[in-house]
Every structure is written in C-alpha cells, then in structure tokens.
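There are 2 protein chains.
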Amino acid sequence: MPRIRLTVAYVGTRYQGWQVQGQGLTIQGMLEDKLARICGELVRVHGSGRTDSGVHALAQVAHFDVPESKAHIPWQKALNAMLPDDIAILDAREAEPGFHARFSVRSKRYAYTLWTEPGYTLPQRAPFVWSVRGLDFEAMDRAAAMLAGTHDFAAFQNAGTEIKGTVRTLEPVLRAPGQHPAEWVFRFQADGFLKQMVRNLMGLLVEVGRGGLRVDEVQAILEGLDRCKAPATAPAQGLALEEVFYQEEALNAS
Amino acid sequence: MPRIRLTVAYVGTRYQGWQVQGQGLTIQGMLEDKLARICGELVRVHGSGRTDSGVHALAQVAHFDVPESKAHIPWQKALNAMLPDDIAILDAREAEPGFHARFSVRSKRYAYTLWTEPGYTLPQRAPFVWSVRGLDFEAMDRAAAMLAGTHDFAAFQNAGTEIKGTVRTLEPVLRAPGQHPAEWVFRFQADGFLKQMVRNLMGLLVEVGRGGLRVDEVQAILEGLDRCKAPATAPAQGLALEEVFYQEEALNAS
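Residue numbers (numbering that gives the first Met the number 0), protein chains in the order written: chain L, 0 to 253; chain C, 0 to 253.
1) According to a CB-to-CB cut-off of less than 8 Å, which residues of the segment 53-69 of chain C neighbour chain L?
2) Taking C-beta pairs closer than 8 Å, name the residues in chain L that residue 9 (chain C) reaches, listed in chain order.
3) Using a Cβ-Cβ cutoff of less than 6 Å, which residues in the same chain neighbour residue 175 (chain L) once the five nearest sequence positions on both sides are dropped?
4) With distances taken between CB atoms, is the gap from residue 164 (chain C) to residue 194 (chain C) smaller than 9 Å?
5) Using a 10 Å radius around the Cβ and a threshold of 16 neighbouring Cβ atoms, would you call residue 7 (chain L) buried or exposed?
6) Using 10 angstroms around the beta-carbon of residue 102 (chain C), count the other beta-carbons present and answer buried if the total reaches 16, otherwise exposed.
7) Under 8 Å between beta-carbons, which chain C residues line up against residue 26 (chain L)? List them in chain order, please.
8) For the segment 209-239 of chain C, list every residue whose C-beta sits within 8 Å of some C-beta in chain L, in sequence order.
9) Would you mind reading off the limits of the beta strand (DSSP E) that contains residue 17 (chain C)?
10) Ignoring anything shorter than 4 residues or poking outside the segment 48-127 of chain L, list the alpha helix (DSSP H) runs there in chain order.
11) On a CA-only basis, which of C:92, C:64, C:85, C:67 is nearest residue 75 (chain C)? Give me that one, please.
12) Can you say whether residue 124 (chain L) is buried or exposed, counting buried as having 16 or more other CB atoms within 10 angstroms of its CB?
13) Taking the DSSP output, what are the residues bridged to residue 176 (chain L)?
14) The alpha helix (DSSP H) with residue 36 (chain L) in it runs from where to where?
15) Note down the Cα distance separating residue 200 (chain L) from residue 218 (chain L), rounded to an integer number of angstroms.
16) Distance, Cα to Cα, residue 169 (chain C) vs residue 192 (chain C)?
17) Of the residues L:118, L:38, L:171, which one's Cα is nearest the Cα of residue 79 (chain C)?
18) State buried or exposed for residue 237 (chain C), treating a residue as buried only when at least 16 other CB atoms are found within 10 Å of its CB.
19) Give me the residue from C:203, C:68, C:58, C:220 with the minimum Cα distance to residue 109 (chain C).
20) Inspect the beta-carbon positions of residue 234 (chain C) and residue 212 (chain C) and report whether they are closer than 9 Å.
21) Quick one: is residue 51 (chain L) near chain C, going by C-beta distance under 9 Å?
22) Please report how far the alpha carbon of residue 206 (chain L) lies from the alpha carbon of residue 146 (chain L), in whole angstroms.
23) Mapping DSSP to helix, strand and coil, what is residue 189 (chain C)?
24) Select from the segment 102-131 of chain L all residues with a C-beta closer than 8 Å to any C-beta belonging to chain C, and list them in chain order.
25) Are the C-beta of residue 84 (chain C) and some C-beta of chain L separated by less than 9 Å?
26) By alpha-carbon positions, which one of C:151, C:179, C:32, C:202 ends up nearest to residue 225 (chain C)?
27) Quick check: the Cα distance between residue 87 (chain C) and residue 135 (chain C), rounded to an integer number of angstroms?
28) Is residue 171 (chain L) near the ligand ZN, judged by its Cβ being under 8 Å from some heavy atom?
29) Leaving out five residues before and five after residue 27 (chain C) in sequence, what residues of the same chain have Cβ atoms less than 8 Å from its Cβ?
30) For residue 171 (chain C), which residues from the same chain have a beta carbon less than 6 Å from its beta carbon, with the 5 sequence-adjacent residues on both sides left out?
The following block contains the structure:
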C-alpha cells in the first residue's frame with residue numbers, strides 16, 4: 000500500500016491537541032474524518048508525535064497508507080478543500096520507502112513566543128503568545144545555556160507519559176526576535192521531547208527572568224529529576240511545532 | 000469634561016464591524032459596554048470612522064468624554080482587563096484640546112493582504128488574507144498607478160453611505176512584501192474613504208491581475224462613476240485599518 004506523507008499546519012486554539020481522544024475535536028481526528036469521506040473507510044493517520052491541547056504547528060508531519068487504487072488522488076487539494084481554515088496541508092507526497100512519521104524522527108524543533116509589551120497584547124498575536132512582563136532576558140539566556148546538552152529531563156516531564164527513558168539531547172536554546180517588536184521567540188530542538196517538556200523548560204526560564212528563581216538554582220532542579228521542584232508549566236498557546244527532521248534527510252544531507 | 004483618546008487594535012472576524020447597530024457584536028459596542036461598567040452610565044465612543052464587518056484594525060482611533068471625577072482612571076489598564084483578547088487598547092491619553100476622533104482626521108491608511116501560494120493558506124494567516132492565485136502583479140501595479148490622485152471615486156462606493164461628495168485624494172498605492180513570503184500587501188492612503196472603497200479598489204486590482212480586466216480599461220471604469228461597471232468587492236478579512244493621521248499631527252510636524 001502506498002504511504003502518503005503530509006506536512007500539516009494548524010492553529011491549535013480550538014482543538015484538544017493532535018491525538019484522537021475519547022471525545023473532543025483533534026487534528027488527527029479531523030484528518031481521519033476527511034480521509035474516511037474520501038476513501039470510504041477508516042484511514043489511520045500517524046503523526047510525528049502529539050501536540051498538546053491549544054498548541055500550534057507550522058509543519059507537523061504525518062503519514063497514512065492507502066490502497067493502490069487511491070494512490071493518485073491529489074491529497075493536498077482534496078484535503079484542503081474539506082478541512083476548516085485552521086488546518087492546512089502544506090505538502091502531500093508519496094513517502095520514501097521505510098518512512099514512518101513517528102519512528103523515523105531524528106529531531107524536532109519547537110518555538111515558544113513571549114509577548115513583552117506590558118500594556119497590552121496585540122489581538123492579532125494573542126492566540127500565539129504568552130504575555131509576560133519585566134523579564135531579565137540576560138539571566139534567561141544563562142539559564143537556557145545550562146539546559147542544553149544530554150540530560151535526564153525527568154524534572155521537566157509531566158505525568159501521563161508512556162515513554163520509559165527520560166534522557167534527551169537538547170540543542171542550545173536560541174532566543175530570536177519575533178515577527179512583532181514586542182516578541183521574543185525561544186527555539187528548542189532535541190532528539191525527542193517528554194510530555195510538556197518545552198512548556199516546562201519555558202516555565203523555568205520565565206521564572207528565572209522574573210527573578211523567582213536564580214540561575215545558580217537551575218542545575219539543582221535539572222539534577223533533582225523532580226517535576227514538583229521545578230516551576231509551573233508555560234501556557235500552551237505560546238508554543239508551536241516548527242519543524243520535524245527525519246533520518247533519511249540526515250542521510251541525504253551527509 | 001476631559002476627552003480621552005484611544006488607540007485600539009482588533010481582530011474583526013467575529014464582529015459586525017466597528018459601529019453599534021441594532022443587533023450584533025461590534026467593537027464600538029464592546030467598548031461602550033465596558034465603559035458603562037466602569038462609569039456607571041452610558042459613555043459614547045466616537046471612532047475615526049467605521050470599519051466593515053470582518054475588517055481588522057491595527058490602530059483605530061476613538062475618543063470619549065468623561066466627567067472630571069473619572070479623568071484619572073488608568074483607562075488602558077482598566078479596559079484591557081475587561082475586553083476580550085480580540086480587542087486591545089494600545090494607548091489611552093487625554094486628548095489635545097479640540098481633538099475629535101472623526102472630524103480631526105487628515106488621512107487614513109489601510110493595508111490589504113493577498114495570499115498567493117496556490118496550494119494552501121497558512122492557518123495562522125487565513126483570518127487576515129485573501130487567497131488568490133496566478134496574478135500578474137506588474138499589471139496590477141500599472142492599474143494601481145492610474146487610481147492615485149484626486150478623483151471622483153463614485154465607481155468604488157457601495158450603496159448605503161450618508162456622505163454626499165465622492166471626490167477623494169488617494170496617495171500612490173504601494174505594494175510591499177507581507178510577513179510571510181506568500182503575501183503581498185497593498186497600502187491605500189487617502190484623505191477619506193467611501194463605503195467599501197478599499198475593498199472595491201482591491202477587487203479591481205485583482206481582476207486586472209487575473210486578466211479579467213485590461214489595464215487600459217481602468218480609466219473608463221474610474222471615469223464612468225458607476226459601481227455596477229466595476230469589478231466585485233474584495234472580501235473583508237484581507238483588510239486592516241493601519242493608521243489614522245490627524246490634523247494636529249500635521250501642524251506639529253510642520
């Protein structure tokens with residue numbers, strides 16, 4: 000059966016996250032609903048991983064398998080014609096042999112956007128930012144530098160994960176200007192992320208920026224492996240899955 | 000009575016435009032509702048002008064008068080605490096003597112954003128763009144150049160306006176890249192705009208870009224003064240009021 004690889008963007012605001020759950024609107028569910036209408040049967044969609052309720056994506060990756068007879072449907076056009084405006088297929092193509100949207104992942108990059116203008120949040124940006132004020136960004140940068148590397152990130156994993164190992168390799172966390180002068184974007188790239196790991200890391204960085212946590216306390220929190228000792232989780236709406244990198248691309252590039 | 004001058008941004012998607020109407024949610028109505036709660040009485044809000052249902056604003060200007068006893072309320076903070084996320088007060092200050100949000104207007108600038116990637120519209124941008132494809136932008140620029148200047152714009156005025164004169168002076172229409180590589184933004188600045196004038200001008204430019212109208216036909220449409228001879232109105236969601244310029248600022252600048 001041909002495997003189709005999708006690149007999907009979405010505004011997560013009104014969804015209960017990526018993954019199909021007992022009830023509630025999800026991105027995966029929305030895609031499977033449209034595919035069932037096109038194919039006349041259940042077509043399971045496999046994402047690169049879950050995104051939480053309210054989290055956005057600029058380029059989530061997913062795949063699904065279809066019977067040979069359906070291989071030549073123009074999937075991007077067919078799906079975009081049926082999907083609501085807050086989900087769009089950016090690309091659809093037959094996957095390379097052996098490609099699996101989840102198992103072939105090499106690394107992912109998330110972007111977390113902070114809004115720093117104290118008097119207001121621009122309505123056009125409000126669904127995509129966390130509004131904070133009075134942060135010491137220099138202290139946050141120093142704390143971020145302590146997080147990069149291969150660590151056991153158990154202190155930044157929320158409950159409810161099925162994954163056993165909690166060691167991950169986090170690339171240097173980069174801070175860059177956002178699309179509005181009041182914005183700063185923090186980018187987190189790693190070979191994998193634990194449940195709510197980016198939001199927990201961002202929660203820690205903002206707590207440092209607010210002065211509620213000293214930079215020299217970060218190491219102990221990381222090493223303590225105890226979620227209860229770490230600062231609160233940052234809100235979902237500031238987070239977006241920006242890019243998923245695959246093994247075959249690493250091979251092609253080398 | 001002190002007069003307070005507001006700068007207001009909003010996402011117009013779920014509103015029936017700026018102006019209070021018999022029924023339906025409006026920006027003016029939302030502001031007056033919050034002011035009534037703060038002041039305990041009706042406070043009329045005067046905008047620089049209406050925006051249509053679904054049109055956005057980055058910096059609409061409005062004013063209201065309050066009793067001396069209320070002059071020192073921190074209006075920005077008080078209103079933003081009560082307003083929904085899709086409306087925000089960017090600035091609130093006591094107005095200069097003689098300032099009137101509508102009567103003191105010298106000119107306004109609107110931005111109309113086109114999305115040109117044919118396969119999809121990015122969900123994050125969908126509420127703010129008109130998705131079009133295959134446009135000849137060079138032809139559109141030539142048509143735009145014919146619209147600038149002092150003209151009777153009756154051909155670009157929709158019915159239902161109370162204004163009598165239809166002569167306006169339109170500055171050169173400028174096309175610039177938008178915030179996403181798939182976007183082009185057209186900026187329209189004039190000493191005043193007729194009802195749906197920007198959307199009607201944009202509708203004409205897109206019709207030229209599609210090849211449905213030749214550049215050398217534009218002059219006749221402008222001179223014909225007949226709305227029925229001009230192309231259809233562009234959709235509301237691509238339009239945003241970007242800036243309102245006032246006489247006092249012109250005086251201060253000179």
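Using N, Cα and C, we set each Cβ at its ideal position, and we do this for glycine too. Owing to the predicted nature of the structure, the values given are computational and were not obtained by experimental measurement.
Concretely, from the data shown:
1) 55, 57
2) 122
3) 184
4) no
5) buried
6) exposed
7) The contacting residues do not exist; residue 26 (chain L) stays about 10 Å from chain C at best.
8) none
9) Run containing residue 17 (chain C): none; DSSP gives neither H nor E here.
10) 74-81
11) C:92
12) buried
13) L:183
14) 26-38
15) 13 Å
16) 9 Å
17) L:118
18) buried
19) C:58
20) no
21) no
22) 14 Å
23) strand
24) 118, 119, 120, 121, 122, 123, 125, 126, 127
25) yes
26) C:151
27) 37 Å
28) Of the ligands one can find in the structure shown there are none, so the ligand ZN has no counterpart to examine.
29) 17, 18, 19, 44, 46, 61
30) 147
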